[in-house]
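Notes to accompany the following structure.
Numbering (my numbering), first residue to last: 3 to 130.
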């Protein structure tokens, strides 16, 4: 019996597979020790402070956010999510259209992964 709350509340199957199989629920990993969390948090805060102190204009920060997070949210994450969710075989009448959709999602994912470094490079060049 799956330990995931969604799997136990639904109890039914999704596309012929149980919810636990679709989401591949993993066992929870214990929390990190306090010293490790303090060191990681301090490193993140120090890096943020160093970036803040070295940047004169906030448009540089917005450029980096747009070139990374914007592309990730628009191209990479939707395509990757689709490809991961469609790994589970489904029994539909339109099974011939699935390979074209997977191909389109893979193409969108590849374009997004190429766009990230191009956009970051553009942001660096224009901010200098």
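Idealized CB from N, CA, C, for every residue including glycine. The model shown is predicted, which means the values in this text are computed figures rather than measured ones.
Would the beta-carbon of residue i fall within 9 Å of that of residue j?
i, j, result
"residue 114", "residue 77", "yes"
"residue 63", "residue 53", "yes"
"residue 69", "residue 122", "yes"
"residue 74", "residue 118", "yes"
"residue 103", "residue 89", "no"
"residue 42", "residue 51", "no"
Could you tell me how far apart the beta carbons of residue i and residue j are, in whole angstroms, since I believe they sit closer than 8 Å?
i, j, result
"residue 107", "residue 85", "5 Å"
"residue 66", "residue 128", "Their Cβ separation, rounded to whole angstroms, is 11 Å, which puts residue 66 and residue 128 out of contact at 8 Å."
Excluding the 5 residues flanking residue i on each side, which residues of the same chain have their C-beta closer than 7 Å to its C-beta?
i, result
"residue 112", "none"
Whose C-alpha, out of the options, is nearest the C-alpha of residue i?
i, options, result
"residue 79", "43, 58, 44, 109", "109"
For residue i, which residues of its own chain have a beta-carbon under 6 Å away from its beta-carbon, when the five flanking residues on both sides are left out?
i, result
"residue 29", "Confidence is the limiting factor: at residue 29 the pLDDT is only 44, short of 50, which leaves the residue's position unreliable, though a coordinate-based value still follows. Counting only Cβ-Cβ distances below 6 Å, and skipping sequence neighbours, we find nothing."
Exercise for the section: Would you mind listing the beta strand (DSSP E) stretches within the region 50 to 127 that are 3+ residues and don't spill past its ends, in chain order? Expected result: none
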